[in-house]
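*Asks:*
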Amino acid sequence: MQSVDFWKNRRVLITGHNGFVGTWLTLVLQYIGAEVCGVSLDAEQGSLYDRVQANIRDKSYVLDIREKAEIQKVVNEFNPEVIFHLAAFGFIQECIANPETAFSTNTVGTYNVLDSVARCDSVKSIIVASSDKVYKNEGRQCLFSENDQLGGVDPYSASKTCEDIIAKSYYESYLKNGDVGMCIVRPSNILGGGDHHGNRLIPSIFQSFDNGEEPQIRNPQAVRPWQDILDMCDAYLFLAERTYNDKNCDIVNVGPELDGVCTVGEISAKVGWLFGQTIVNNGGNKNTLAEHMWLGLSIEKIKGLGWSPKMTIDDTLENVFQCYKCEQNGELFDICMSQIKEYYRE
Ligand SMILES: NC(=O)c1ccc[n+]([C@@H]2O[C@H](COP(=O)([O-])OP(=O)(O)OC[C@H]3O[C@@H](n4cnc5c(N)ncnc54)[C@H](O)[C@@H]3O)[C@@H](O)[C@H]2O)c1
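Basically my numbering = 1-based index in the sequence shown + 1.
#1: Could you check if Ile84 belongs to the surroundings of ligand 2, using beta carbon to heavy atom distance under 8 Å?
#2: Hey, how far is the Cα of Lys137 from the Cα of Leu176?
#3: Out of curiosity, what's the CA-to-CA distance linking Gly266 and Thr27?
#4: For Asn286, I'd like the list of residues in its chain whose CB is within less than 6 Å of its CB, leaving aside the five on either flank, ordered along the chain.
#5: Would you check if the stretch 245 to 253 and the stretch 178 to 190 touch, i.e. whether three or more CB-CB distances between them fall below 8 Å?
#6: Say yes only if the C-beta of Asp180 is nearer than 8 Å to one or more non-hydrogen atoms of ligand 1, and no if none qualify.
#7: Are Gln81 and Val22 close, meaning C-beta to C-beta below 9 Å?
#8: With a threshold of 8 Å, are at least 3 pairs of Cβ atoms found where one atom belongs to the stretch 74 to 94 and the other to the stretch 3 to 17?
#9: Three-state secondary structure (DSSP) at Leu14?
#10: Give a yes or no on whether the C-beta atoms belonging to Trp25 and Leu42 are separated by under 9 Å.
#11: On the three-pair Cβ rule with 8 Å, is the stretch 289 to 307 touching the stretch 222 to 231?
#12: Does DSSP classify Val124 as helix, strand or coil?
#13: Under 6 Å Cβ to Cβ from Val109, same chain only, skipping five residues before and after it: list those, please.
#14: At which residue ranges does the stretch 233 to 263 contain complete beta strand (DSSP E) runs of 3 or more residues, listed in the order of the chain?
#15: Per DSSP, Trp295 is paired with what?
#16: Does the stretch 68 to 76 touch the stretch 28 to 36, meaning 3 or more C-beta pairs lie closer than 8 Å?
This is the structure:
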């Protein structure tokens, strides 16, 4: 368990709080007693946030982080101590179709958030959600480490690479000698209950089952590091508390142990098994996207700092399946909270 004493009544601002990761992080922070304020665009219908928000005790603002005055106003009113900057335009296909939104949100939006919080004396710890897709991927079967060369190519990966560089530049140029720390976190693919984005693997499989169709697996041979949403949230808390105390700028990968580095086809087959159905990995739609066949992430650095993932890929898929099965929104909230309690059970 992360230090309850540290998080109790701590004022935490989350950008992108109604996205998939932001919602789970809000629930975890609520569980450990923090005071959460969130800023995002309108919650998407059918999203996890949409379904559990009646039970969430946060201050919630709808605003666009590309409008600096709006984010500045919320920061000044709330006086956060810890910031998780998660807001992003976040899907490879959507970014290819809307590059202007991708680049403006992930670069200018990030600058606006950093420049707003930097003007607020209460802020002591800033976490920036980058991505494992920022590394220059030449198809080698390796595990990327934090010092490897950056170079995302498609608009999502390139704009996240820019975000990562902007955050480091902002810290080194304007925050370095102050009373604030920053950690740029590079997470791998995250799996968890309630994800409704049909262009992610597991939600797309669920949608096919709901429609009585055979799932189309886009790139079954592609290898990715798949990590659990509760491990991700726990790592964020660990890194934020550490950053609060250390006041430097660090860059840290977060991903699974090696059992979570596996192919899209293997994950699909496990999901099919939970449903009692066989998923034929026939290549589905032809892969027209510039997606890499191999992406692996080294987590030696964060393990050296004292944090390791707890969930196996099978635990994760079981949790995802439990959330999928529940029909009632109230019940979904209860299942999420029971998964959080189980995760933190000593
Ligand atoms: N989910 C993953 O597998 C994964 C993996 C690696 C990195 N990440 C990163 O983690 C972060 C969160 O991912 P997620 O899966 O929750 O994404 P998501 O798409 O579910 O949520 C995105 C959030 O950002 C907000 N947002 C988007 N544009 C905005 C704008 N202009 N102004 C204000 N808010 C805006 C949305 O309202 C939403 O709350 C992102 O930065 C993403 O790049 C996610």
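From the three backbone atoms N, C-alpha and C, an ideal C-beta is built for every residue, glycine too.
*Replies:* Reading from the atomic positions:
#1: With respect to ligand 2, the structure shown offers nothing to examine, as its ligands consist of ligand 1.
#2: Rounded to the nearest angstrom, the two C-alpha atoms are 27 Å apart.
#3: Here the alpha carbon of Gly266 sits roughly 31 Å from the alpha carbon of Thr27.
#4: At Asn286, the pLDDT of 49 sits below 50, so the modelled position is not reliable and the matter cannot be decided from this model.
#5: The stretch 178 to 190, when compared against the stretch 245 to 253, does touch it at the 8 Å Cβ threshold.
#6: In this structure, Asp180 has its CB at a distance of at least 8 Å from all heavy atoms of ligand 1.
#7: Looking at the sequence itself, residue 81 is Pro, so the reference to Gln does not match. Going by C-beta atoms, Pro81 is not nearer than 9 Å to Val22.
#8: Contact between the stretch 74 to 94 and the stretch 3 to 17 is present, because at least three Cβ pairs lie under 8 Å.
#9: Taken through DSSP and simplified to helix, strand or coil, Leu14 comes out as strand.
#10: With respect to the 9 Å criterion, Trp25 and Leu42 are not classified as neighbours on the basis of their beta carbons.
#11: Taking 8 Å as the limit for Cβ pairs, the verdict is that the stretch 222 to 231 does touch the stretch 289 to 307.
#12: Judged by DSSP in its simplified three-state form, Val124 adopts coil rather than helix or strand.
#13: Taking Val109 as the centre and dropping the five residues before and after it, the same chain places the C-beta of Arg67 closer than 6 Å to its C-beta, in chain order.
#14: Whole beta strand (DSSP E) segments, 3+ residues: 250 to 255.
#15: DSSP lists Val224 as partners of Trp295.
#16: Output reads no: the stretch 68 to 76 does not touch the stretch 28 to 36.
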